[in-house]
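Before any comments, here is the structure.
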Amino acid sequence: MRWGISIVWALFAMAVAQFNPGPASYYNQCRTLYEEHVLAGASAACELSLVADPNYVPALKLLSQIYLDEGKVDEAGDLLERLSRLAPGDLETRTLNARYLLQKGRYREALNASQHVPGATASLVRGEALEALGRFKEALNAYHEAAMLGNKEARIKAALLLERMRRPEEALKEIEGLEDTAIGPLKGRLLLSAGRLPEAAATLEETLRNLPSTSELYNQTLGTLALTYYGLGDFREGGRVLSLLGSNADLIGAFFSGVWVWLLGAVLLAGLHLFGESRIEPVSTLEVREDYTWGVGRLYATMALSLLAGALTAVVVGWLLYDNLLAAFTPVQADVVRPVFFLTAALVMGLAAYLVLRRQPEDAPPPLGKRENWIEGLWVGLVLAALIIAYAWVRVRMPWLNVMPFNPLLFSGAVALASLALAEPLLRIVAPTVFRVRYGANLAPLFTILVGGLVWLSPVVLWWAAAAILYSIKQRFAGIWPNMTGWLVAAVILLLAGLFPSVWALF
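In terms of the numbering used here, the sequence shown opens at residue 183 and continues consecutively.
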């Protein structure tokens, strides 16, 4: 009798198991689907496993991993809290927690959580955390450690970091032999950065043949290839690739998304001109002035000529150094060529201002102010350096802000920053006087600040803030010696700030 009851219970349990297979069965389904990259199905199977047993640790781990892969960071955090209670010393749990902290932007905590944790994933997380903190050499070592443990993604991360460190040739060695759809666009970009433009074009052409036109990488590859052909001076092929890119992407929309702040400033300036012109009395009542010969048109023409001279010089330097007409838009090469643009433009503006200011009457006060006021440039430089670093910090959190056109932590970038001192006479003395003569003392500051930001093209928000600060300092000291000295001091401060990894991480 007892033996018969046992058989019945066994048959009943088997029947129940058919309808409720238990957490292990669902977990196995989840694992299989995850390995086949079916994340939605894997997530559903793991959730069923946790319905059967809310504390089933393997399902908690795998579902946390799936959520992190999908970018569902908060959901992963809830699961990891339970995991930390159920398996606090488990190495996989610690690795997942480090990934979670990394994706939340808590880089120091992620670094601490991944320390002394073995495995390729932990090393990769450690590398990403170190890179985000600006500790590039340590990050590179962590990536190499993860690569030695078999993580292919770590080699790509190492190549991207080396590209960021302006070492494209070494980055190319990191990805040798890797077969992946993401490798072709990266290799082409690295060859372009290294100045090997014909090889870059051949690599990118081959990559395009292997990529579907619906892929995001396809458009990125087209953009790099167009830049390569134009850099080589092959305008026919460049136009062909650009036309193909235009049929796949909204180039006009992309252009406006990058320059809309500048265009907004230009519209504000045009509106201010219309308002200012409407307040001018008829010509018959205007006072004739002979002490100042420049007008608004000549001022704008001088600024345009300065930018044109800078652009032409940058093109020539790029061609002479790298055989690349568009070196100013090429990674790594731009670090040398873009500062040349700013230096040349500032030189032309300084020369133009000199030709105007030297005609001042002998009994007039010094046009640049009192020379002894240069000492004030020490704190002005500190303010400018703090402004640039603060802008870089905010820019990381507000992607719509444009990046700095050059890296001020590099020597070439510091030279570009220091060269802005040469433009101060035109921007802070000649321009305000021109606007005051034409539109009056009330509107002149607005014109000066708007133009002072727009003239350097990008990032307009940063240059507007600097223009407002420097204009107020010029008014306070009745001269621009503090401003000119301030740019030099800011360049030196930012070079020294580059010694701190946390600052490096912002640029």
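Cβ atoms here follow ideal geometry from the backbone N, Cα and C, with glycine treated the same way.
Please read these numbers as outputs of a predicted model, since none were measured by experiment.
{"Item": "Skipping 5 residues on each side, what residues in its chain have a beta carbon closer than 7 Å to that of L283?", "Value": "E291, A292 and A295"}
{"Item": "Am I right that Q285 and L250 are in contact with their C-beta atoms under 8 Å? What's the rounded C-beta distance?", "Value": "6 Å"}
{"Item": "So, are the CB atoms of R610 and Y653 less than 8 Å apart?", "Value": "yes"}
{"Item": "Any beta carbon of chain D sitting closer than 8 Å to that of E274?", "Value": "Here chain D cannot be found, since the structure has a single protein chain."}
{"Item": "Which stretch, first to last residue, makes up the alpha helix (DSSP H) that contains H326?", "Value": "F318 to M330"}
{"Item": "Mind checking V616: buried by the 16 CB within 10 Å criterion, or exposed?", "Value": "buried"}
{"Item": "Would you call the segment 298-316 and the segment 540-557 in contact, with 3 or more CB pairs under 8 Å?", "Value": "no"}
{"Item": "Expressed to the nearest angstrom, what Euclidean distance is found between the alpha-carbon atoms of R281 and G259?", "Value": "10 Å"}
{"Item": "Roughly how many angstroms lie between the CA atoms of L393 and S266, to the nearest whole one?", "Value": "42 Å"}
{"Item": "Whose CA, out of L456, L450 and W638, lies closest to the CA of A486?", "Value": "W638"}
{"Item": "Note down, one range per segment and in chain order, each alpha helix (DSSP H) of at least 4 residues found wholly within the segment 510-562.", "Value": "516-539"}
{"Item": "Roughly how many angstroms lie between the CA atoms of K355 and P641, to the nearest whole one?", "Value": "34 Å"}
{"Item": "Quick check: the Cα distance between L468 and A623, rounded to an integer number of angstroms?", "Value": "Note on L468: pLDDT 44, under 50, position unreliable in the model; the coordinate value appears next. Rounded to the nearest angstrom, the two C-alpha atoms are 16 Å apart."}
{"Item": "According to the neighbour-count rule (16 or more other Cβ atoms, all chains shown, within 10 Å of its Cβ), is R391 buried or exposed?", "Value": "exposed"}
{"Item": "May I ask which residues mark the beginning and end of the alpha helix (DSSP H) holding K369?", "Value": "I365 to S375"}
{"Item": "For the alpha helix (DSSP H) that contains D256, what are its first and last residues?", "Value": "V255 to L268"}
{"Item": "Buried or exposed: where does E345 fall if 16 or more other Cβ atoms within 10 Å of its Cβ makes it buried?", "Value": "buried"}
{"Item": "When you compare only the Cα positions, how much space is there between Y208 and D235?", "Value": "11 Å"}
{"Item": "Ignore the nearest five residues each way along the sequence and tell me which others in A534's own chain have a CB closer than 7 Å to its CB.", "Value": "T484 and L608"}
{"Item": "What is the DSSP secondary structure of Y238, counted as helix, strand or coil?", "Value": "coil"}
{"Item": "Report the three-state DSSP secondary structure of V637 (helix, strand or coil).", "Value": "coil"}
{"Item": "Go ahead and pull the three-state DSSP assignment for A687.", "Value": "coil"}
{"Item": "Assign R418 to buried or exposed, taking buried as 16 or more other Cβ atoms, counted over all protein chains shown, within 10 Å of its Cβ.", "Value": "exposed"}
{"Item": "When the distance is taken between beta carbons, is G316 closer than 8 Å to W686?", "Value": "yes"}
{"Item": "What residues in its chain sit with their C-beta under 8 Å from that of L569, if we drop five residues either side in the sequence?", "Value": "L644, A647, A648 and I651"}
{"Item": "Taking the C-alpha atoms as reference points, what is the distance between D505 and L414?", "Value": "7 Å"}
{"Item": "Is it buried or exposed, R471, if we count other Cβ atoms within 10 angstroms and call 16 or more buried?", "Value": "Here the model assigns R471 a pLDDT of 47, short of 50, so the residue's position is not dependable and the matter cannot be decided."}
{"Item": "Could you tell me which of L230, L360 and R349 sits nearest to E167, measuring between CA atoms?", "Value": "Coverage of the chain is limited to positions 183 through 689, which leaves residue 167 absent and any answer about it impossible."}
{"Item": "If you run the structure through DSSP and keep just helix, strand and coil, what is T690?", "Value": "Because residue 690 is not part of the residues shown, which for the chain are 183 to 689, the question remains open."}
{"Item": "According to DSSP, simplified to helix, strand and coil, what is N279?", "Value": "helix"}
{"Item": "Tell me the DSSP secondary structure of I675 in three-state form.", "Value": "helix"}
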